[in-house]
Amino acid sequence: MSNVCEYIPGLENIPAAKSSISYVDGQEGILEYRGIPIKELAEKGSFLECAYLLIWDKLPTKDELEAFETEILYHRRIKYRIRDMMKCFPETGHPMDALQTSAAALGLFYSRRALDNPEYISQAVVRLLAKIPTMVAAFHQMRRGNDPVQPNDSLGYAANFLYMLTERKPDPLAAKIFDVCLTLHAEHTMNASTFSAMVTASTLTDPYAVVASAVGTLAGPLHGGANEEVLKMLEEIGSVENVRPYIENCVANKLKIMGFGHRVYKVKDPRATILQSLAEQLFEQTGRDDYYQIALEVEKVVEELLGQKGIYANVDFYSGLVYRKLGIPSDLFTPIFAIARVAGWLAHWKEQLAVNRIFRPTQVYVGSHNSPYIPIENRVQTEVNGH
Ligand code: CMC
Numbered sequence: 257m258s259n260v261c262e263y264i265p266g267l268e269n270i271p272a273a274k275s276s277i278s279y280v281d282g283q284e285g286i287l288e289y290r291g292i293p294i295k296e297l298a299e300k301g302s303f304l305e306c307a308y309l310l311i312w313d314k315l316p317t318k319d320e321l322e323a324f325e326t327e328i329l330y331h332r333r334i335k336y337r338i339r340d341m342m343k344c345f346p347e348t349g350h351p352m353d354a355l356q357t358s359a360a361a362l363g364l365f366y367s368r369r370a371l372d373n374p375e376y377i378s379q380a381v382v383r384l385l386a387k388i389p390t391m392v393a394a395f396h397q398m399r400r401g402n403d404p405v406q407p408n409d410s411l412g413y414a415a416n417f418l419y420m421l422t423e424r425k426p427d428p429l430a431a432k433i434f435d436v437c438l439t440l441h442a443e444h445t446m447n448a449s450t451f452s453a454m455v456t457a458s459t460l461t462d463p464y465a466v467v468a469s470a471v472g473t474l475a476g477p478l479h480g481g482a483n484e485e486v487l488k489m490l491e492e493i494g495s496v497e498n499v500r501p502y503i504e505n506c507v508a509n510k511l512k513i514m515g516f517g518h519r520v521y522k523v524k525d526p527r528a529t530i531l532q533s534l535a536e537q538l539f540e541q542t543g544r545d546d547y548y549q550i551a552l553e554v555e556k557v558v559e560e561l562l563g564q565k566g567i568y569a570n571v572d573f574y575s576g577l578v579y580r581k582l583g584i585p586s587d588l589f590t591p592i593f594a595i596a597r598v599a600g601w602l603a604h605w606k607e608q609l610a611v612n613r614i615f616r617p618t619q620v621y622v623g624s625h626n627s628p629y630i631p632i633e634n635r636v637q638t639e640v641n642g643h
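257 is the number of the first residue of the sequence shown in this note's numbering; add one for each residue after it.
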């Protein structure tokens, strides 16, 4: 049988869904959630308001938002058995791996797969939004030999997460900026982790498995893991003078510069612009640091050398700088991305369920046919995958 379909690596430009959740115009640098420009939402809304908008497809009224926030506040704690399980995780393990495991473990406690029951759907939404930040903070405390810090009921979503990380109530500007960071990362059309969430959702498994699958996909350095890599790169560069030779070497050797380039954006990512201004606000309050100066120079040189190819700063370039200034360790940057993106994943989960058909793509077979079965004594040892 012949294969008639064309294979497109990375499924570039192949629609995997019809969606009304978010919109990106990569030439104009536009991002909208449910039609509302991201700048409006970042300036005027809160993360939980955006999560509500994405998942329930409307801006909540004051009462609806308060009820949603209260429900989430009520469900922030995690079961002691999940905490006990997390205590057994190696403290050297990556927090994304810890998060993937604990998100999947939620399914052990709450899975009933009652996907046709609206109450089950809304409970799963609330539990995942409420518990994921607690699990990220708990692993961070436990790997340092501390007991997890219990959620503080007097604090909002963003402030409470920073509190659970440090056991100190955060400065209001820090909490506000962190909340905006969550809004900026909440959703971004079709991308690797969202696709992963949708493929998993299409099997009608439980939402905890959907989120665990997406967390695993987000962890890679070409996706959510890039923000951590950006800081490693800035550290390696070390000084403003080293920027040009470092970037020239990357370009000459076709090495990827972390925090730059995007499959869709061919101009500067609008989220990077907002994050840069948040970084400026933070630096105004707390003083500039060397990394920021290096970052500005990196952006300038990359634009000069690669701008004509449409390679500009993406969301990950400035988020790491903001988180670092907030005192957050770099291996928590990607779990924080996940805390925010749970909103988008859940919105796509719901959208997928409404029109579900299991994903079952095809492949272009390039192997042999009718190959002989060679008896084991006649086989010659050859290298397989470099082993
Ligand atoms: N540095 C240097 N060159 C780059 C970069 C970069 N960061 N990104 C793309 N290019 C070049 C690439 O070498 C290729 O050049 P040529 O055509 O001469 O071979 C061309 O641009 C196209 O690159 P690609 O890898 O085929 O593009 P893609 O659409 O498959 O990949 C990407 C998109 C985001 C994976 C890629 O730009 C990249 O690896 N960036 C660095 C990692 C990063 O910052 N990731 C975060 C992405 S934004 C948040 C998210 O989605 O999670």
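Ideal Cβ placement from N, Cα and C applies to all residues, glycine included.
Nothing here was measured: the structure is a model prediction, and the numbers come from that model.
According to DSSP, residue pairing for residue 573 in a beta bridge does not occur. Within the chosen limit of 6 Å, the ligand CMC does not reach the beta carbon of residue 431 with any heavy atom. In terms of Cα proximity to residue 398, the closest of 452, 338, 427 is 338. In the DSSP assignment, residue 384 falls within the unbroken alpha helix (DSSP H) covering 374–399. For residue 451, the shortest separation between its Cβ and any heavy atom of the ligand CMC does not lie below 6 Å.
A Cβ-Cβ contact shorter than 7 Å links residue 285 with residue 526. Counting the other Cβ atoms within 10 Å of the Cβ of residue 435 gives 16 or more, which makes it buried.
One thing to note: residue 442 has its Cβ within 7 Å of the Cβ of residue 596. Annotation: the region 574–618 contains the following complete segments of the alpha helix (DSSP H) (minimum length 4 residues), in chain order: 589–610. Residue 498 counts as exposed, since fewer than 16 other beta carbons sit within 10 angstroms of its beta carbon. Rounded to the nearest angstrom, the Cβ distance from residue 586 to residue 550 is 15 Å, too far for a contact under 8 Å.
Within the region 329–357, complete alpha helix (DSSP H) segments of at least 4 residues are found at 336–343, given in chain order. Taking 7 Å as the cut-off, the Cβ atoms of residue 454 and residue 564 do not count as close.
Judged by beta-carbon spacing, residue 360 lies within the 7 Å limit of residue 468, meaning their Cβ atoms are closer than that value. The residues 382, 385, 386, in chain order, have a CB closer than 6 Å to that of residue 328 in the same chain once the five nearest residues on each side in sequence are set aside. According to the DSSP assignment, residue 281 belongs to the beta strand (DSSP E) that extends over 278–281.
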